[in-house]
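Peer 1: First to last, the protein sequences are chains D and C.
Heads up: the first sequence begins at 45 in this note's numbering, then just goes up one per residue.
Heads up: the second sequence begins at 45 in this note's numbering, then just goes up one per residue.
Below is a structure I'd like to ask you about.
2 protein chains.
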Amino acid sequence: MFNRTMQSLGETRSAIRELYEYGRARKREIGEENVFDFSIGNPNVPAPACVEEAALRCFREISPETLHAYTSAAGLDEVRRAVAAHLSVRSGLECSERFVYMTCGASASLAIALSAILNAGEEVIVPAPYFPEYRIFTEQAGGKLVPVPVKRDFHLDPDAVARAVTEKTKAVLVNSPNNPTGAVYTQEEMRALGAALREKSASRGAPIWLLADEPYREICYGVPPVSPFTVYENTMILYSFSKSLSLAGERIGYIALSPQCANAEALFSAICGAGRSHGYVCAPALFQRVAASCLGRSADIERYRANRDLLYGALADMGYRCAVPEGAFYLFAEALEPDAEAFCRRAQARELLLVPSDSFGVKGYVRISYCVARETIERSLPAFRALIGEYRK
Amino acid sequence: MFNRTMQSLGETRSAIRELYEYGRARKREIGEENVFDFSIGNPNVPAPACVEEAALRCFREISPETLHAYTSAAGLDEVRRAVAAHLSVRSGLECSERFVYMTCGASASLAIALSAILNAGEEVIVPAPYFPEYRIFTEQAGGKLVPVPVKRDFHLDPDAVARAVTEKTKAVLVNSPNNPTGAVYTQEEMRALGAALREKSASRGAPIWLLADEPYREICYGVPPVSPFTVYENTMILYSFSKSLSLAGERIGYIALSPQCANAEALFSAICGAGRSHGYVCAPALFQRVAASCLGRSADIERYRANRDLLYGALADMGYRCAVPEGAFYLFAEALEPDAEAFCRRAQARELLLVPSDSFGVKGYVRISYCVARETIERSLPAFRALIGEYRK
């Protein structure tokens, strides 16, 4: 009776959201402190002080009828200028506010960008494992997601990406620092990807677009990620302030085009059209201003690093197999049996909420979000130990 | 190269937005006070004090990591409960928070609701004139918009709607108080519509959905609009706080299902799925809380009434033909030549920015948004007088 696709999308909620809702209910049942909820990537480190300062300043200094008014569909001029200036410093290229489009967060950035570029049947290559909603947004736009495995250390395999290019390839979608693996692609890997895309684009006579989804850009424990604008010209940055500024619920982000990309005007029009057709009138006005005031700032990343060190160290000691996360706040560990979902059910019986890797497009792993209170990790360790003990009997 | 539909949607901006952007540029050129911008429905009356109070209270009383966290996709429990309680009082029915879905404003409500219910080729009947984005959202969801003229006084014609029902009709979309005409449909008209839909649904054996888009609900100068839940069971309310609370830029609204509607669980799933596929993760968290605190409140409507009286009185005196707006903040006047676009160009030469009715689905009218400073109306009157003078030569 209703739209079948939408109804089934709504009934099957993402595995992450499903577990998160289960966790909320379970906490009410047995007490918050007895559930070890590693399901969702909801920042637990508070927003930096600049967020509240900027918001209160807006309320103080701007009249309500101006502060809360519609902005242009692409965002406030001064906000777009600030984002362009920030990206110029980061990339060393002269970025223009004309190609910055403010969005309601990363999912909006993705849904809009993919709808803007894809025609029916066109393909989007994504290194696997990948964020599950990539498939939803690609298919909603009429496209086809083509997963290509990463290397064993979860790093990008530019040759494998190049081999997966077909006549229908429209884009490659990368996410570094990565959700769910925590990998941060090196400059060398990104340059090799850029070179491969340049070559493939030239031989086909039509550009392949690089979509760089980088909400975790600032959450990095080693060498910061390279600006994707510096490795390849036909690049779009899809950004969200959700993680860097701990503003996940406020829905604020942007799409920015490389100043060197082909047909930027037409592409920007398609982005505006896609935003319009999805019902996005403008990004939230107050948080546009707040985000512009806090560009380049971030919540206290050291707390995530401390969590990572504690969790990784403890799990590795117990015998879990996992790579050291280089960024973001996820640890991607091997499940202790081939069926990750079965493993997660056994973890859940010990109140450990882990996300099985199946919906990330690979089998046999779990994602553990460590953007939680340090005590949650500390208190969860006996359960992790008991869990691995079960498999050693 | 990009998606053609999206590119052309982006290139052709809505007539309203086009004029609004022209107005901004023109004001920079010749000074704010010399442009009479009646293009956009951007509330000029400040948000009521409860908005700032609620926002500041949130900053004071809720820790940032809770305040700005993701909410459930459908919204915060306490916010959904408050909306359901509000709708219960208004309708006299017991509304459930389980069927309230918080959105990023009216356009999001529309895009999501239409995607949730429509299958390819299904029809949505809309009284014409109608808000132009209805067509975009209907077509984006694979449906077909079927305009049905209103009566000469801009009021609903339930018989005409009933005659337009076909086997493919999935929904009727009404907007009262109306944009662009200012009509507020009477209880009698709405009841007749409900009866007609009930009969047609029964004879087909499948419900026709009533979508009541009511962002102007509180902006009404006479008898308040009837609750659509009381006239027909298979009803969805699409609401936005943009106009009532003067929060257009903050993107906050909701979809609510009648407690009496058929298959509410499945429909709500389809709404969740449509939200997900469009990239809506949750409605902005801070403004969810603010909106819940200010339910039933509104900006100072008397200022709009005074504007209406001033503008309507002056234009009618000069000889313009228009109906008295009963709600919203638009005056829909006959153009002084059959081609409304040509008329608007002549108005524009006098710095009067009026929206031609063509994109509203009727010919020969202009929409004049009077949510502007009173002085703008006062200062514009000589230009309106000169304009009608041109046609009398």
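All C-beta atoms in this analysis are idealised placements derived from N, C-alpha and C, irrespective of residue type, glycine included.
If the cut-off is 9 Å on Cβ atoms, which residues from the segment 94-109 of chain D count as contacting chain C, listed in chain order?
Peer 2: For the segment 94-109 of chain D, which is checked against every Cβ of chain C, the residues closer than 9 Å are Val95, Glu96, Ala99, Leu100, Phe103, Ser107, Pro108 and Glu109.
Peer 1: Say whether chain C places a C-beta atom closer than 8 Å to the C-beta of D/His130.
Peer 2: Output row for D/His130: interface = no.
Peer 1: Would D/Val123 and D/Arg333 be called neighbours here (beta carbons separated by less than 8 Å)?
Peer 2: Going by C-beta atoms, D/Val123 is nearer than 8 Å to D/Arg333.
Peer 1: Mind checking if C/Ala308 is an interface residue toward chain D, Cβ cutoff 8 Å exclusive?
Peer 2: With 8 Å as the cut-off, C/Ala308 does not count as an interface residue toward chain D.
Peer 1: Less than 8 Å between the CB atoms is what I'm expecting for C/Ala99 and C/Leu330, so what's the real figure, rounded?
Peer 2: Sure, about 6 Å apart at Cβ, within 8 Å.
Peer 1: At a Cβ cut of 7 Å, what residues of the segment 158-172 of chain C count as close to chain D, listed as they run along the chain?
Peer 2: Per Cβ criterion, the list reads Ser159, Ala160, Ile161, Leu162 and Asn163.
Peer 1: When you compare the CB of C/Ile156 with every CB in chain D, is at least one pair closer than 8 Å?
Peer 2: Yes, its Cβ sits closer than 8 Å to a Cβ of chain D.
Peer 1: Using DSSP's beta-bridge definition, name the partner residues of C/Arg411.
Peer 2: Looking at the DSSP assignment, C/Arg411 forms a beta bridge with C/Phe376 and C/Val399.
Peer 1: Please classify C/Lys214: does DSSP put it in a helix, a strand, or coil?
Peer 2: DSSP places C/Lys214 in strand when its eight states are reduced to three.
Peer 1: What did DSSP end up calling D/Met146 once you bin it into helix, strand or coil?
Peer 2: In the structure shown, D/Met146 sits in a strand (DSSP, three-state: E or B).
Peer 1: Per DSSP, C/Ala256 is paired with what?
Peer 2: According to DSSP, C/Ala256 bridges with C/Val218 and C/Ile281.
Peer 1: Going along the chain, which residues of its own chain have a beta-carbon closer than 6 Å to the beta-carbon of D/Ser403, five neighbours each way excluded?
Peer 2: So the list reads Ala59 and Pro176, once near-sequence residues are dropped.
Peer 1: In terms of residues, what are the limits of the beta strand (DSSP E) holding D/Gly297?
Peer 2: Per DSSP, D/Gly297 belongs to the beta strand (DSSP E) from Gly297 to Leu301.
Peer 1: Of all the alpha helix (DSSP H) runs that stay within the bounds of the segment 136-201 of chain D, which reach a length of 4 or more residues?
Peer 2: Listed in chain order, the complete alpha helix (DSSP H) runs (minimum 4 residues) inside the segment 136-201 of chain D are 150-161 and 177-184.
Peer 1: Going by the CB atoms, is the gap between C/Ala335 and C/Val89 shorter than 8 Å?
Peer 2: Their beta carbons are not under 8 Å apart, which means C/Val89 does not touch C/Ala335 by this criterion.
Peer 1: Relative to the C-alpha of D/Ala360, which candidate in D/Ala372, D/Phe143, D/Phe376 and D/Glu346 has its C-alpha closest?
Peer 2: The shortest C-alpha separation from D/Ala360 is found at D/Phe376.
Peer 1: Mind listing the chain C neighbours of D/Asn278? Cutoff is C-beta to C-beta under 9 Å, in chain order.
Peer 2: Ordered by position in chain C, no residue passes the 9 Å Cβ test against D/Asn278, which lies about 11 Å from the chain.
Peer 1: My guess is that D/Phe181 and C/Ile161 are in contact by the Cβ rule of under 8 Å, so how many angstroms apart are they, rounded?
Peer 2: Going by Cβ atoms, the distance from D/Phe181 to C/Ile161 rounds to 21 Å, so no, they are not a contact pair.
Peer 1: Report yes if the CB atom of C/Val190 is closer than 8 Å to the CB atom of C/Val168, and no otherwise.
Peer 2: Yes, they are a contact pair.
Peer 1: Assign C/Gly165 to buried or exposed, taking buried as 16 or more other Cβ atoms, counted over all protein chains shown, within 10 Å of its Cβ.
Peer 2: C/Gly165 should be labelled exposed.
Peer 1: With D/Phe73 as the anchor, note down where its alpha helix (DSSP H) starts and where it stops.
Peer 2: Checking the sequence shown, residue 73 of chain D turns out to be Glu, not Phe. Segment Ala59 to Ile74, the alpha helix (DSSP H) holding D/Glu73.
Peer 1: Classify D/Asp383 as helix, strand or coil using the three-state DSSP reduction.
Peer 2: In the structure shown, D/Asp383 sits in coil (DSSP, three-state: anything other than H, G, I, E or B).
Peer 1: So, helix, strand or coil for C/Gly54, using DSSP?
Peer 2: Here C/Gly54 sits in helix by DSSP.
Peer 1: Are C/Ala379 and D/His322 closer than 8 Å when you measure CB to CB?
Peer 2: No, these two residues do not count as a Cβ contact at 8 Å.
Peer 1: Is the segment 247-257 of chain C touching the segment 379-398 of chain C in the sense that three or more CB pairs, one from each, lie closer than 8 Å?
Peer 2: They do not touch, by the three-pair rule.
Peer 1: How long is the line joining the alpha carbons of C/Leu431 and C/Ser245, rounded to whole angstroms?
Peer 2: Rounded to the nearest angstrom, the two C-alpha atoms are 49 Å apart.
Peer 1: Whose CA, out of D/Pro272, D/Lys188, D/Gly319 and D/Ala250, lies closest to the CA of D/Val218?
Peer 2: When each option's Cα is compared against that of D/Val218, the closest is D/Pro272.
Peer 1: Once you ignore the five residues that flank C/Leu53 on each side, which residues in its own chain have a CB closer than 8 Å to its CB?
Peer 2: Around C/Leu53: Ile180.
Peer 1: Verify the CB distance criterion: does D/Tyr283 have a CB-CB separation below 8 Å to chain C?
Peer 2: No - not a single Cβ of chain C is within 8 Å of the one on D/Tyr283.
Peer 1: Pull up the distance between the alpha-carbon of D/Phe428 and that of D/Ile421, whole angstroms please.
Peer 2: Approximately 10 Å between the Cα atoms of the pair.
Peer 1: Tell me the residue span of the alpha helix (DSSP H) that contains D/Glu435.
Peer 2: Residue 435 of chain D is actually Tyr in this sequence, not Glu. Here the alpha helix (DSSP H) through D/Tyr435 covers Arg418 to Arg436.
Peer 1: Closer than 8 Å, CB to CB, is C/Phe440 near chain D or not?
Peer 2: Residue numbering for chain C in the displayed model covers 45 to 437; residue 440 of chain C lies beyond these limits and cannot be assessed.
Peer 1: Return the Cβ separation of D/Tyr374 and D/Gly226 in integer angstroms, given the expectation that the two are a contact with Cβ distance under 8 Å.
Peer 2: So it is a contact: roughly 5 Å between Cβ atoms.
Peer 1: Determine, using beta carbons only, whether C/Val325 comes closer than 8 Å to chain E.
Peer 2: Absent here is chain E; the protein component of the structure consists of chains D and C.
Peer 1: Please confirm whether D/Arg341 and D/Leu289 have their CB atoms less than 8 Å apart.
Peer 2: Yes, the Cβ-Cβ distance between D/Arg341 and D/Leu289 is below 8 Å.
Peer 1: Around the C-beta of C/Asp81, are 16 or more other C-beta atoms found within 10 angstroms, so that it is buried, or is it exposed?
Peer 2: Answer is buried; the Cβ neighbour count reaches 16.
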